[in-house]
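Protein sequence lines correspond, in order, to chains V and H.
Under the numbering used here, the first residue of the first sequence carries the number 1, and numbering increases by one thereafter.
Under the numbering used here, the first residue of the second sequence carries the number 1001, and numbering increases by one thereafter.
Backbone N, C-alpha and C define an ideal beta-carbon position, used for all residues, glycine too.
A quick note: this is a predicted structure, and the numbers were derived from the prediction, not measured.
Inspection log for the structure reproduced underneath, given as structure tokens.
Protein chains: 2
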Amino acid sequence: MKKKQVSIKSIATALNISVTTVSFVLNGKAEEKHISKEMTQKVLDYVKKTNYRPNQIAQSLRTGKSKILVFMVEDISNNFFSKLARIIEDMAYEKGYKVIFCSNENDDNKSEELIRLFNFRMVDGFIIVPSPGMQGVIEQLIEENIPVVLLDRYFSDLNSNIVIVNNDEAAYNATEHLIKNQYRKIGFITTDTSQTQMLDRLNGYKRAISDNGLVSSILSIPYNESSTQISRDLIYSFVADNPELDSLFFSTNYLALRGLESLKSDCDALKKNFGVVTFDDNEFFSICNPTITAVAQPLYEIGEELMKIMLNLLKKIDDKPQKIILNTELKIRESSKPKQLF
Amino acid sequence: MKKKQVSIKSIATALNISVTTVSFVLNGKAEEKHISKEMTQKVLDYVKKTNYRPNQIAQSLRTGKSKILVFMVEDISNNFFSKLARIIEDMAYEKGYKVIFCSNENDDNKSEELIRLFNFRMVDGFIIVPSPGMQGVIEQLIEENIPVVLLDRYFSDLNSNIVIVNNDEAAYNATEHLIKNQYRKIGFITTDTSQTQMLDRLNGYKRAISDNGLVSSILSIPYNESSTQISRDLIYSFVADNPELDSLFFSTNYLALRGLESLKSDCDALKKNFGVVTFDDNEFFSICNPTITAVAQPLYEIGEELMKIMLNLLKKIDDKPQKIILNTELKIRESSKPKQLF
DNA sequence: TTGTTTTACTAAATCGTTTTAGTACATTTG
DNA sequence: CAAATGTACTAAAACGATTTAGTAAAACAA
């Protein structure tokens, strides 16, 4: 009933040759190792007949390579990350790598635990959206010469490979866009984390505001509440308590979602000339009513750059650590249309 | 510069004892194997000091278990699957399993290729959203006693573990809901695949329509076009060519997205008493305008059932293959409100 | 003829664990 | 006091591949 697993050894025994010969043939070293054409063919035929597949675990043990990458993000169910995951998945598979995804929830302990789980040894490389206190663990990985590429956020005093977008500039431009369209009191919704990408966005917003002689108005939502009713309520109160607000800039996708829910519950907010811009695009933004203006990150390019760097690291081509900064695109839609023409 | 990896052997040598002893201690078998308290402590101390981590690859080779599961879906970037992925990820990690996600794009060749890539041996179990022609490969897995659980769709003549929802009934109820709310000409948007869940939904729709003496109106979109402009156009023409239509039922989330985009471009469609119901809920549905009525699948329960079955399979507890059918919930929102009252 | 090369293979070590089947000594039991 | 049992350990095989360092025979060169 139970089929015996076919191994190199079983092949060797069946053909009455040595495992070495089989291994050479399978690894395409027949010629180089002077295995005769007939022998080679015999092995190949038998392999095909028995549908032999090498045991990758054994290969990994011997070669030290697992052909597995880890893609660690904040939350794999977040649209931004899942879209990116798909892109990375495809690129990795094309190169013969499998990808294990995991969500660290921006929690340092979880991040470290996950990395320990992978044990530095069953994984060939890490693509990581780092949580704030991960610098030590990441340094450790780099020190041990394990390929690591970061994305989305960074550590300013860590010289690592990283792919990010022009957060500051993008936020500046998006804010200016609102200002150009006559919005004057622009609320900025962010979280209380020290994530660099969030700080950069905040900075961009602040610069644009002050460059235009306006006054900023910022709501910082506790990070751990950012996906709950509490954050909806906070946004609601923020808008209610600041009746002079004529627009909101959400600094990331999940905040936008909470915000839109909140503005929606205050039925009229969105209809009355109220401007909205958000970071991170979403397919649904073009079917919302009004459609939502968003800063779109170049997902495909991000994935491409990440994999380019990762593959180089895996090939042990070690350039200096690279810092890639990609450009975002402001997708202008109805939610930010000129105020007086609304 | 390069730190030597600490192994059981290096520990044994350092402490001048045998690897067996170290292994016993590490596996908590000290007592059972009569290792003295002092020895045990000595090993534990050294292990802590050197920060030793076992090489999981070697463990896997020896034990035949990798603690890796594969979660194969149609497209990991699809909201339904990524939300589910997150749930499964969490449950699996809790039990010490890692999860490799992959997208088969509903393509049989890709599915098979992926399964071969995992090689039947570097993975402990598969959770699969099967593509139509995968039955053979799946039978093969089952035959080789590899844990497999299917979800979302099934093969009617394959006796496998499976978790699905009451598609037929759910579609019936959703259709009836529209009918109760005075919609009379309900279009059904589906794809041309033979995916069972889609057929079941179609069936439910048809039954409700005929039970109520109405006439059905179905648009089937070529599967491979289902995420392109073409499908938007098809839906657009469908609505335009059938002016008597007063509502649409989208049979899955990506079709709903295309449909809503399409209806949006036909600016007024959604405002004029036009009913919409869709399969698969989405966070954005409650901020759309009108908010969208949807059949919500119980993601958490699905994940829970999948993992429950998988863990049993992994424990070699072999019950009969189970077929779990979970109930959906119709989330009634504005897009299906009573027609005349609109 | 002797020595060197080339061809066609193979034995055995290795990767880092787990586990079976010991051993040597001490203690208990009948 | 001999046999049985218990304690505290260890040697070595095994998992399934890769790879180094061979060997034996044939071919070629001097």
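Would you mind reading off the limits of the alpha helix (DSSP H) that contains residue i?
i, result
"I1317(H)", "Here I1317(H) belongs to no alpha helix (DSSP H), and DSSP marks it neither H nor E."
"V1019(H)", "V1019 to L1026"
"S103(V)", "Looking at the DSSP string, S103(V) is not in any alpha helix (DSSP H); the run it does join, the beta strand (DSSP E), is K98 to S103."
"G136(V)", "Q135 to E143"
"V1006(H)", "Run containing V1006(H): none; DSSP gives neither H nor E here."
"F285(V)", "Note, F285(V): premise wrong, no alpha helix (DSSP H); not H, not E."
"F1155(H)", "Looking at the DSSP string, F1155(H) is not in any alpha helix (DSSP H), and its letter there is neither H nor E."
"I76(V)", "Per DSSP, I76(V) belongs to no alpha helix (DSSP H) and is neither H nor E."
Would you mind telling me which residues of chain V sit closer than 9 Å to residue i, beta carbon to beta carbon, in chain order?
i, result
"R1053(H)", "R116, N119, F120 and R121"
"V1099(H)", "I100, F101 and C102"
Would you report the Cα separation of residue i and residue j, rounded to the nearest angstrom?
i, j, result
"Q56(V)", "I317(V)", "24 Å"
"C1267(H)", "G1275(H)", "The predicted model places C1267(H) with a pLDDT of 49, which falls under 50 and marks its position as unreliable, so this point remains unresolved."
"A1294(H)", "V1163(H)", "20 Å"
"G96(V)", "L1114(H)", "10 Å"
"K1339(H)", "K1180(H)", "9 Å"
"K1065(H)", "N1016(H)", "30 Å"
"T1050(H)", "V1006(H)", "7 Å"
"R1232(H)", "E1144(H)", "44 Å"
"P323(V)", "K308(V)", "Correcting the residue type first, residue 323(V) is Lys in the shown sequence and not Pro. Answer to the nearest angstrom: the Cα atoms are 13 Å apart."
"N282(V)", "N79(V)", "8 Å"
"K67(V)", "S1262(H)", "43 Å"
"R86(V)", "I189(V)", "29 Å"
"A12(V)", "Q1140(H)", "25 Å"
"E1301(H)", "P1132(H)", "25 Å"
"F81(V)", "H34(V)", "49 Å"
"N1159(H)", "P1321(H)", "7 Å"
"N1027(H)", "E1225(H)", "54 Å"
"L1151(H)", "S251(V)", "36 Å"
"K343(V)", "Q1229(H)", "Look at the range of chain V in this structure, 1 to 342, and you will see that residue 343(V) is not part of it."
"K1029(H)", "D280(V)", "52 Å"
"D90(V)", "N161(V)", "21 Å"
Could you check where the beta strand (DSSP E) with residue i kicks off and where it finishes?
i, result
"V1070(H)", "I1068 to V1073"
"V1215(H)", "Note, V1215(H): premise wrong, no beta strand (DSSP E); not H, not E."
"A240(V)", "Unbroken run through A240(V) is the alpha helix (DSSP H), Q229 to D241; no beta strand (DSSP E)."
"V165(V)", "I162 to V165"
"T1190(H)", "I1186 to T1191"
"E32(V)", "No beta strand (DSSP E) holds E32(V); DSSP gives it neither H nor E."
"E1329(H)", "E1329 to K1331"
"K323(V)", "K323 to L326"
"F249(V)", "S247 to F250"
"I1128(H)", "G1125 to I1128"
"T151(V)", "At residue 151(V) the sequence reads Leu, which differs from the Thr that was named. V148 to L151 is the extent of the beta strand (DSSP E) around L151(V)."
"T278(V)", "G275 to F279"
"T1293(H)", "T1293 to A1296"
Residue i: buried (16+ other C-beta within 10 angstroms of its C-beta) or exposed?
i, result
"R1116(H)", "exposed"
"F1071(H)", "buried"
"P1243(H)", "exposed"
"K83(V)", "buried"
"G259(V)", "buried"
"N109(V)", "exposed"
"G204(V)", "buried"
"T1020(H)", "exposed"
"A1171(H)", "buried"
I want to verify the contact list: residues of chain H whose CB lies under 7 Å from the CB of residue i, in sequence order.
i, result
"I287(V)", "L1260, E1261, K1264 and C1288"
"D75(V)", "R1086"
Quick one: list the residues of chain V neighbouring residue i, beta-carbon separation under 7 Å, in chain order.
i, result
"K1083(H)", "S77"
"F1284(H)", "F284"
"S1060(H)", "I57"
Listing by chain order, which chain H residues have their CB less than 8 Å from the CB of residue i?
i, result
"L69(V)", "The contacting residues do not exist; L69(V) stays about 10 Å from chain H at best."
So which residues of chain V does residue i contact, with C-beta pairs closer than 8 Å?
i, result
"E1089(H)", "I76, F101, C102 and S103"
"S1066(H)", "I57"
Measuring from the CB of residue i, is there a heavy atom of the ligand NAD at a distance below 7 Å?
i, result
"K323(V)", "No copy of the ligand NAD occurs in the structure displayed, which carries no ligand at all."
Inset, instruction - Pull out every residue of the stretch 1114 to 1126 of chain H whose Cβ sits closer than 9 Å to any Cβ of chain V, in chain order. - result: For the stretch 1114 to 1126 of chain H, residues whose beta-carbon sits nearer than 9 Å to a beta-carbon of chain V comprise L1114, R1116, L1117, F1118, N1119, F1120, R1121 and M1122.
Legend entry - chain H contacts made by the stretch 303 to 318 of chain V, where a contact means CB separation under 9 Å: none
Inset, instruction - Mind checking the stretch 1228 to 1241 of chain H against chain V and listing, in chain order, the residues whose C-beta falls within less than 9 Å of any C-beta there? - result: none
Inset, instruction - Could you name the residues of the stretch 147 to 159 of chain V whose beta carbon sits closer than 7 Å to any beta carbon of chain H, in the order they occur along the chain? - result: none
Legend entry - Against chain V: residues of the stretch 1244 to 1260 of chain H by CB proximity under 8 Å: L1257 and L1260
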